[in-house]
Amino acid sequence: MTEIELLSWARGPGLQIATIIFVAGVVIRIFEIFLLGRKANLAEAKGGEMSNGLRTMITRTVPDRTTFKRSSVTIVSGYIFHIGLFIVCFLSAPHILFLKDVIGFGWPSLPTPVIDAFAVVTIIALLATLVNRLTNKVMRYLTNFEDLLTWFITFLPVVTGYIAFHRIGMTAPTLLAVHILSVELLMIIFPFTKLMHAFTLFIARWYNGAISGYRGVAS
Amino acid sequence: MKKDLSLNDGTPIEGTPEPGTLGETLRSQGVSRRSFMKFCATTASMMALPPSMIPMIAHALENARRPSVIWLSFQECTGCTESLTRAHSPTLESLIFESISLDYHHTLQAASGHAAEAAREAAMEENFGNYLLVVDGSIPLDNPGYSTIAGISNLDMLTESAKGAAAIIAVGTCATYGGIPHANPNPTGAVSVKDIIKDKPIINVPGCPPIPVVITGVLAHYLTFGAIPDLDHIGRPKVFYGQSIHDRCYRRPFYDKGQFAETFDDEGAKKGWCLYKLGCKGPTTYNACATTKWNNGTSFPIESGHPCIGCSEPDFWDGGGFYKALSMPTEDISKTAVYTVAGAAAAGAVIGALNRGKKNNSDKIHIKTTIDDLRK
Chain A
94 MTEIELLSWA RGPGLQIATI IFVAGVVIRI FEIFLLGRKA NLAEAKGGEM SNGLRTMITR
154 TVPDRTTFKR SSVTIVSGYI FHIGLFIVCF LSAPHILFLK DVIGFGWPSL PTPVIDAFAV
214 VTIIALLATL VNRLTNKVMR YLTNFEDLLT WFITFLPVVT GYIAFHRIGM TAPTLLAVHI
274 LSVELLMIIF PFTKLMHAFT LFIARWYNGA ISGYRGVAS
Chain B
4 MKKDLSLNDG TPIEGTPEPG TLGETLRSQG VSRRSFMKFC ATTASMMALP PSMIPMIAHA
64 LENARRPSVI WLSFQECTGC TESLTRAHSP TLESLIFESI SLDYHHTLQA ASGHAAEAAR
124 EAAMEENFGN YLLVVDGSIP LDNPGYSTIA GISNLDMLTE SAKGAAAIIA VGTCATYGGI
184 PHANPNPTGA VSVKDIIKDK PIINVPGCPP IPVVITGVLA HYLTFGAIPD LDHIGRPKVF
244 YGQSIHDRCY RRPFYDKGQF AETFDDEGAK KGWCLYKLGC KGPTTYNACA TTKWNNGTSF
304 PIESGHPCIG CSEPDFWDGG GFYKALSMPT EDISKTAVYT VAGAAAAGAV IGALNRGKKN
364 NSDKIHIKTT IDDLRK
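Chain order of the listed sequences is A and B.
Counting in the working numbering, the first sequence runs from 94 upward without gaps.
Counting in the working numbering, the second sequence runs from 4 upward without gaps.
See below:
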């Protein structure tokens with residue numbers, strides 16, 4: 094297989110396979126969660142569910158003071174790499190072009206050097222989370238294989254993207270193919286790991302807020 | 004009149020070249036030594052050689068005996084030859100080429116029929132072990148009858164001609180990687196020269212067609228050093244194929260700034276912005292177009308407003324469409340996603356129903372245990 098063939102496979106059949114697994118996995122899991130159902134709450138409602146749920150979706154984004162003090166590294170590096178990932182994924186021209194081809198519309202991109210800088214920041218933040226995870230005793234105790242796997246699978250596309258852009262070590266078609274394949278790996282692993290939080294996060298937050306709202310307590 | 008000249012390093016060389024050499028041919032065509040040295044300097048800089056190598060190139064070229072070249076054309080469109088002949092007119096590169104003893108070339112030779120084949124056989128016999136074999140076009144393996152010359156299949160002619168060749172230069176993407184005949188579904192079972200010949204040095208000069216100056220540059224390198232140049236991992240001379248179009252593109256700053264032409268006639272296209280979104284394959288294509296350019300250095304496709312199609316890369320024809328940006332999927336992912344959502348929603352509903360049934364069933368068969376029961 095030549096490098097151009099590899100690239101064509103990654104952009105064609107490889108992407109098809111990854112898309113099917115990713116979409117099917119995510120949809121089935123979300124359906125399962127919703128269809129589990131809840132027992133009817135017979136207690137009298139002491140407040141609104143919807144408004145409190147929606148408010149909690151936003152308020153939980155800001156960490157409270159005690160939590161921040163306790164795990165500041167996790168929160169800061171976590172925020173940085175999430176924002177960095179968002180910018181690199183959704184505001185770089187080639188990525189927008191990809192999304193436009195799939196969903197039918199696009200949006201303006203950021204200049205390449207800006208994306209490049211955010212990629213570096215994201216890589217550093219991701220490394221910081223790993224170092225923190227491995228050096229902090231409690232974190233290390235709580236860490237299981239899935240945590241390391243998801244970290245690696247998230248780290249890989251950023252690094253391969255950075256290398257592909259700067260053409261380090263290999264030829265451009267190979268580097269681009271490797272980058273696309275690393276994203277496909279992420280798509281395949283995604284529905285079966287805690288990476289699902291990208292979809293369930295706001296559902297869970299809303300639910301927490303809604304329960305509290307029903308009971309008439311702060312969330 | 005004989006006039007002594009000296010090289011940069013002080014070595015004296017003769018002003019009048021030996022008879023039968025390339026130097027003599029050049030003089031007879033009225034090429035002055037000054038313009039010849041200029042050509043050597045250009046060649047040296049093109050091949051990224053230090054200036055100290057210029058006299059060596061001049062010396063080697065002047066004294067080179069016209070090597071016999073046999074040019075075989077298989078499944079091709081003659082575009083490579085067309086490209087090369089564009090270098091002819093009164094340019095120096097073309098004189099270099101004329102000064103090679105081109106003993107066999109379908110399109111260019113005067114002889115035809117038996118006489119042509121006889122010329123090839125004679126050249127092969129006389130120069131056995133020393134001639135250069137140039138091949139353009141791919142070789143069909145499915146059925147030898149798909150492409151024959153004088154009743155000889157391409158495969159037979161190639162293997163026979165390769166035996167006595169000092170080196171083989173595969174010219175054009177068809178000869179180097181199969182090219183268009185090799186494109187999906189490859190009806191003739193087309194393969195490249197390298198797929199067949201394993202025991203000879205092969206220089207791949209891909210492109211559809213290759214840049215004329217690159218073809219002559221490779222020949223000049225061979226004449227100068229008597230060896231094949233440094234090749235990359237797919238057999239291309241690194242001097243010409245060492246950098247990607249994207250890295251040397253004069254429109255690169257627009258890519259970096261995020262300024263793209265969205266269509267062929269929008270404001271961006273008129274301002275000469277980057278053609279990435281219009282499917283430019285510059286980032287994954289290694290060739291010298293952006294530096295040596297075409298038509299005597301006039302321009303190259305991107306400069307003319309068209310994205311690079313990646314013609315010097317293997318399988319460029321099957322790369323998912325010339326006008327699809329590199330980061331775009333080559334297949335219809337949206338359709339796949341929609342069908343998958345529909346299928347998965349149905350599957351999710353069924354799984355959800357089964358889960359619910361299981362839950363209801365466990366509620367039904369649940370037996371309450373009292374403290375009295377446990378005391379029993």
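Backbone N, C-alpha and C fix where the C-beta goes; we use that ideal spot for every residue, glycine too.
Look up B:D139 in the DSSP assignment and give the residues it is bridged to.
In the second sequence, counting from the first residue as 1, residue 139 of chain B sits at position 136. Per DSSP, B:S76 and B:V174.
What residues are listed by DSSP as bridge partners for B:S247?
Reading the second sequence from its first residue, position 244 is the one you call residue 247 of chain B. B:Y289.
Can you tell me the Cα-Cα spacing of A:G199 and B:A328, whole angstroms?
What you label residue 199 of chain A is simply residue 106 of the first sequence in a count that begins at 1. What you label residue 328 of chain B is simply residue 325 of the second sequence in a count that begins at 1. C-alpha separation (whole angstroms): 14 Å.
Within 7 Å (strictly less), CB to CB, does A:S202 reach chain B?
Numbered from its first residue, the first sequence carries residue 202 of chain A at position 109. A:S202 counts as touching chain B.
Are there 16 or more other CB atoms within 10 angstroms of the CB of B:A193, so buried, or fewer, so exposed?
Along the second sequence, one-based indexing puts residue 193 of chain B at 190. So B:A193 counts as buried.
For B:N364, does the count of other Cβ atoms within 10 angstroms reach 16, so buried, or fall short, so exposed?
Position 361 of the second sequence, counting from 1, holds the residue named residue 364 of chain B. B:N364 is exposed by the Cβ-count criterion.
Could you please give the first and the last residue of the uninterrupted beta strand (DSSP E) stretch that includes B:D106?
Sequence index remark: in the second sequence, residue 106 of chain B carries index 103 (1-based). Run containing B:D106: S104 to H108, per the beta strand (DSSP E) assignment.
Whole angstroms is fine: what's the gap from B:C177's alpha carbon to B:P256's?
As a first step, residue 177 of chain B is located in the second sequence; it is residue number 174 there, counting from the start. As a first step, residue 256 of chain B is located in the second sequence; it is residue number 253 there, counting from the start. Cα-Cα distance, rounded: 33 Å.
Which residues, in chain order, does the stretch 176-188 of chain A contribute to contact with chain B at a C-beta distance below 8 Å?
Residues A186, P187 and H188.
Would a check of beta-carbon distances place B:P317 closer than 7 Å to chain A?
The residue given as residue 317 of chain B occupies position 314 in the second sequence. Yes, B:P317 lies at the interface with chain A (some Cβ there is under 7 Å from its Cβ).
Mind checking who B:S302 pairs with in its DSSP beta bridge?
Working through the second sequence from its first residue, we reach residue 302 of chain B at position 299. Answer is B:W297.
Considering A:I173, what are the terminal residues of the alpha helix (DSSP H) in which it resides?
Position 80 of the first sequence holds residue 173 of chain A. It spans S165 to F183 - the alpha helix (DSSP H) in which A:I173 sits, taken as one unbroken run.
Using a cut-off of 7 Å between C-beta atoms, extract the partners of B:V344 located in chain A.
Within the second sequence, numbered from 1, the residue matching residue 344 of chain B stands at position 341. Those are V116 and V120, listed as they occur along chain A.
Compare the Cα-Cα distances from B:H215 to each of B:N298, B:G116 and B:P310 and report the closest residue.
On the second sequence, residue 215 of chain B is found 212 positions in, with the first residue counted as 1. Strictly speaking, residue 215 of chain B in this sequence is Pro, with His absent from that position. It is B:N298.
Near A:P250, which residues of its chain fall below 7 Å by C-beta distance, leaving aside the five closest residues on each side in sequence?
Residue mapping note: residue 250 of chain A aligns to position 157 of the first sequence, counting from 1. Here the set comprises H272, S275, V276 and L279.
For A:V135, does the three-state DSSP call read helix, strand or coil?
The residue given as residue 135 of chain A occupies position 42 in the first sequence. Contrary to the premise, residue 135 of chain A reads as Leu rather than Val in this sequence. Of the three classes helix, strand and coil, the one that applies to A:L135 here is coil, per DSSP.
Across the stretch 281-294 of chain A and the stretch 130-139 of chain A, are there enough close Cβ pairs to call them in contact, namely three or more that are closer than 8 Å?
In short, these stretches do not touch, since the Cβ pair count stays below three.
In angstroms with no decimal places, state the Cα-to-Cα distance between A:I114 and B:S337.
As a position in the first sequence, residue 114 of chain A is number 21, starting the count at 1. As a position in the second sequence, residue 337 of chain B is number 334, starting the count at 1. When rounded, the distance between both Cα atoms is 14 Å.
So, is B:L29 buried or exposed, given that buried needs 16 or more other C-beta atoms within 10 angstroms?
The residue labelled residue 29 of chain B in the question sits at position 26 within the second sequence. Classification of B:L29: buried, given that the 10 Å Cβ count is 16 or more.
Under 8 Å, CB to CB, which of the residues in the stretch 241-267 of chain A have a partner in chain B?
Cβ contacts with chain B come from R260, T264, A265 and P266.
Can you give me the start and stop residues for the beta strand (DSSP E) that B:I214 sits inside?
Counted from its first residue, the second sequence places residue 214 of chain B at position 211. Neither: B:I214 is in no beta strand (DSSP E) and is coded neither H nor E.
Helix or strand or just coil, what does DSSP make of B:L95?
Working through the second sequence from its first residue, we reach residue 95 of chain B at position 92. Its pLDDT being 45, under 50, B:L95 is placed unreliably in this model, and the value from its coordinates should be taken loosely. Residue state, collapsed to three classes: helix.
Cβ atoms of B:Y107 and B:R123: under 7 Å apart, would you say?
Numbered from 1 along the second sequence, position 120 holds the residue referred to as residue 123 of chain B. Numbered from 1 along the second sequence, position 104 holds the residue referred to as residue 107 of chain B. Yes; because the gap between Cβ atoms is below 7 Å, this pair is in contact.
For the stretch 190-206 of chain B, enumerate the residues whose C-beta is nearer than 9 Å to any C-beta of chain A, in chain order.
Cβ contacts with chain A come from no residue of the stretch 190-206 of chain B.
Under the three-state reduction of DSSP, which class applies to A:N225: helix, strand or coil?
For the purposes of this step, residue 225 of chain A is identified with residue 132 of the first sequence, where counting begins at 1. Here A:N225 sits in helix by DSSP.
Can you confirm whether A:V213, when its beta carbon is compared against all beta carbons of chain B, has any partner nearer than 7 Å?
Your numbering for residue 213 of chain A matches position 120 in the first sequence. Chain B, which has no Cβ nearer than 7 Å to the Cβ of A:V213, makes this no.
Give the DSSP bridge partners of A:T126, in chain order.
In the first sequence, the residue the question calls residue 126 of chain A occupies position 33. Position check: residue 126 of chain A holds Ile in this sequence, whereas Thr was assumed. Paired residues: none, contrary to the question.
Could you tell me which of A:S165, A:G171, A:L203 and A:K162 sits nearest to A:C182, measuring between CA atoms?
Residue numbering aside, residue 182 of chain A sits at position 89 when the first sequence is read from its first letter. Closest by alpha carbon: A:L203.
So B:R254 and B:L278 are supposed to be a Cβ contact under 8 Å. How far apart are they, rounded?
If you number the second sequence from 1, residue 254 of chain B lands on position 251. If you number the second sequence from 1, residue 278 of chain B lands on position 275. Right, their Cβ atoms sit about 7 Å apart.
In terms of residues, what are the limits of the alpha helix (DSSP H) holding B:G206?
Walking along the second sequence from the start, residue 206 of chain B turns up at place 203. The residue asked about is misnamed: residue 206 of chain B is Ile in this sequence, not Gly. That residue, B:I206, is in no alpha helix (DSSP H); its beta strand (DSSP E) goes I205 to V208.
Which one of B:D376, B:E334, B:H369 and B:K371 has the shortest CA to CA distance from A:G107?
The residue you call residue 107 of chain A lines up with position 14 of the first sequence. Per the Cα distances, B:E334.
I'd like the list of long-range same chain contacts for B:E79, defined as Cβ closer than 7 Å, with 5 residues on each side in sequence excluded.
Working through the second sequence from its first residue, we reach residue 79 of chain B at position 76. Closer than 7 Å at the Cβ level, and outside the excluded window around B:E79, lie D139, G140, G175 and C177.
In this structure, does DSSP put A:V119 in helix, strand or coil?
Counted from its first residue, the first sequence places residue 119 of chain A at position 26. Of the three classes helix, strand and coil, the one that applies to A:V119 here is helix, per DSSP.
Could you give the distance in angstroms between the alpha-carbon of B:D321 and the alpha-carbon of A:S312?
The residue given as residue 321 of chain B occupies position 318 in the second sequence. The residue given as residue 312 of chain A occupies position 219 in the first sequence. B:D321 and A:S312: Cα-Cα distance of roughly 56 Å.
Assuming B:D198 is part of the alpha helix (DSSP H), what are its boundary residues?
Your numbering for residue 198 of chain B matches position 195 in the second sequence. Its alpha helix (DSSP H) spans residues V196 to I199.
So with Cβ pairs under 7 Å, would you call A:D194 a contact of chain B?
Position 101 of the first sequence holds residue 194 of chain A. A:D194 counts as touching chain B.
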